[in-house]
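Engineer:
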Amino acid sequence: YLTRDKKVITKFLKCVAWSDLTEAKQAVELLPKWVDIDLDDALELLGANFNDRSVRGYAVSQLKKADDDVILLYLLQLVQALKFENISDKSSSSSLAEFLIERAIKNPILGNNFHWFLMVECEDGNKTVSKMYGKVDYQFMTEMTKVYQRREILRRQGELVQNLSSLSKEIRNMKDTRPKKVKKIESYNIRS
1 YLTRDKKVIT KFLKCVAWSD LTEAKQAVEL LPKWVDIDLD DALELLGANF
51 NDRSVRGYAV SQLKKADDDV ILLYLLQLVQ ALKFENISDK SSSSSLAEFL
101 IERAIKNPIL GNNFHWFLMV ECEDGNKTVS KMYGKVDYQF MTEMTKVYQR
151 REILRRQGEL VQNLSSLSKE IRNMKDTRPK KVKKIESYNI RS
């Protein structure tokens, strides 16, 4: 009966005693029988409250049914949900990371946003989290070798960001007047 109500799944899964292997197994066996859930519920299943790989895999299987425009709307939250995946040096990628990389390779807009969301998350103060995001971006860029031109665009965007950051630091550290700082900015040659 519950499997016919898509809004109940998150509440049901929160009630499961995941430490009880029999109960956990029964809950996981119900997942494929559930009606398709909404993307916001799938996103909740990818949050910190759900560690079970099968539950997270189920959420990703629901995401796969969404088109790229919808994924783009949720992309930032999906990238942030990667921190709750069990991705370490020893383990391979997660189903969420693999899904996002696959979609990002196929869609240039999704790919561009995905890369830069990962770069922002790499700046996280937590070294473990930063390293994990770096690993996902490395996997993405490795896959991008198949579409060299798009990878080159991302590389050039990175150079532009570095140049702008350098200019910003230089201007901030200048003791000159505002008009001289403006002149410095105008004279700065940013390679396109």
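Take 1 as the starting number for the sequence shown in the UniProt record's numbering and just add one per residue.
In this text, a Cβ means the ideal position worked out from N, Cα and C, and glycines have one as well.
Do you know how far the Cα of residue 176 is from the Cα of residue 182?
Structural biologist: On the sequence shown, residue 182 is found 182 positions in, with the first residue counted as 1. On the sequence shown, residue 176 is found 176 positions in, with the first residue counted as 1. Rounded to whole angstroms, residue 182 to residue 176 spans 10 angstroms at the Cα level.
Engineer: Which word fits residue 19, buried or exposed, when buried means at least 16 other C-beta atoms lie within 10 angstroms of its C-beta?
Structural biologist: For the purposes of this step, residue 19 is taken as the residue at position 19 of the sequence shown. When all chains shown are included, residue 19 counts as exposed.
Engineer: What is the residue span of the alpha helix (DSSP H) that residue 53 lies within?
Structural biologist: Numbered from 1 along the sequence shown, position 53 holds the residue referred to as residue 53. It spans 53 to 63 - the alpha helix (DSSP H) in which residue 53 sits, taken as one unbroken run.
Engineer: Could you have a look at residue 140 and say whether DSSP puts it in helix, strand or coil?
Structural biologist: Numbered from its first residue, the sequence shown carries residue 140 at position 140. Helix, per DSSP.
Engineer: For residue 141 and residue 172, what's the separation of their Cα atoms in angstroms?
Structural biologist: To locate residue 141, count along the sequence shown from 1; it is residue 141. To locate residue 172, count along the sequence shown from 1; it is residue 172. Using only the alpha carbons, I get a separation of about 33 angstroms.
Engineer: Taking a contact to mean a Cβ-Cβ separation below 9 angstroms, would you say residue 56 touches residue 46 in this structure?
Structural biologist: Sequence index remark: in the sequence shown, residue 56 carries index 56 (1-based). Sequence index remark: in the sequence shown, residue 46 carries index 46 (1-based). In this structure, residue 46 lies closer than 9 angstroms to residue 56 by Cβ.
Engineer: By the 10 Å Cβ neighbour count, where 16 or more other Cβ atoms means buried, how is residue 109 classified, buried or exposed?
Structural biologist: Counting from 1 along the sequence shown, the entry for residue 109 is found at position 109. It counts as exposed.
Engineer: Could you check what DSSP says for residue 223 in three-state terms: helix, strand or coil?
Structural biologist: Since the first residue shown for the chain is 1 and the last is 192, residue 223 is missing from the structure and cannot be characterised.
Engineer: Between the region 143 to 157 and the region 127 to 135, are three or more C-beta pairs nearer than 8 angstroms?
Structural biologist: The region 143 to 157, when compared against the region 127 to 135, does not touch it at the 8 angstroms Cβ threshold.
Engineer: Classify residue 4 as buried or exposed, calling it buried when 16 or more other Cβ atoms lie within 10 Å of its own Cβ.
Structural biologist: Translated into the one-based positions of the sequence shown, residue 4 becomes position 4. Label assigned to residue 4: exposed.
Engineer: Looking only at C-alpha atoms, which of 82, 42, 139 and 51 sits nearest to residue 64?
Structural biologist: In the sequence shown, the residue the question calls residue 64 occupies position 64. Here the closest residue by C-alpha is 42.
Engineer: Rounding to the nearest angstrom, what Cα-Cα distance links residue 106 and residue 93 in this structure?
Structural biologist: On the sequence shown, position 106 is the one that residue 106 refers to. On the sequence shown, position 93 is the one that residue 93 refers to. Looking at the two C-alpha atoms, the distance is approximately 18 angstroms.
Engineer: Taking Cβ to Cβ, would you say residue 7 is nearer than 9 angstroms to residue 38?
Structural biologist: Position 7 of the sequence shown, counted from the start, is the residue given in the question as residue 7. Position 38 of the sequence shown, counted from the start, is the residue given in the question as residue 38. Going by C-beta atoms, residue 7 is nearer than 9 angstroms to residue 38.
Engineer: Within this structure, are the beta carbons of residue 118 and residue 79 separated by less than 9 angstroms?
Structural biologist: For the purposes of this step, residue 118 is taken as residue 118 along the sequence shown, with counting starting at 1. For the purposes of this step, residue 79 is taken as residue 79 along the sequence shown, with counting starting at 1. Taking 9 angstroms as the Cβ cut-off, residue 118 and residue 79 qualify as a contacting pair.
Engineer: Can you tell which of 130, 58, 113 and 102 has the C-alpha that lies nearest to the C-alpha of residue 77?
Structural biologist: Working through the sequence shown from its first residue, we reach residue 77 at position 77. The candidate whose alpha carbon is nearest that of residue 77 is 113.
Engineer: Which first and last residues belong to the alpha helix (DSSP H) in which residue 119 is found?
Structural biologist: Numbered from its first residue, the sequence shown carries residue 119 at position 119. That run of the alpha helix (DSSP H) goes 108 to 122.
Engineer: From 75, 66, 81 and 99, pick the residue whose C-alpha is nearest to that of residue 44; which is it?
Structural biologist: Working through the sequence shown from its first residue, we reach residue 44 at position 44. Selected option, being the one with the closest Cα: 81.
Engineer: Tell me the rounded alpha-carbon separation between residue 179 and residue 163.
Structural biologist: The sequence position of residue 179 within the sequence shown is 179, counting from 1. The sequence position of residue 163 within the sequence shown is 163, counting from 1. C-alpha separation (whole angstroms): 21 angstroms.
Engineer: Are residue 167 and residue 188 touching if we call contact CB-CB under 9 angstroms?
Structural biologist: As a position in the sequence shown, residue 167 is number 167, starting the count at 1. As a position in the sequence shown, residue 188 is number 188, starting the count at 1. Contact: yes.
Engineer: Is the shortest distance between the beta-carbon of residue 82 and the beta-carbons of chain D less than 9 angstroms?
Structural biologist: Any reference to chain D falls outside this structure, which holds one protein chain only.
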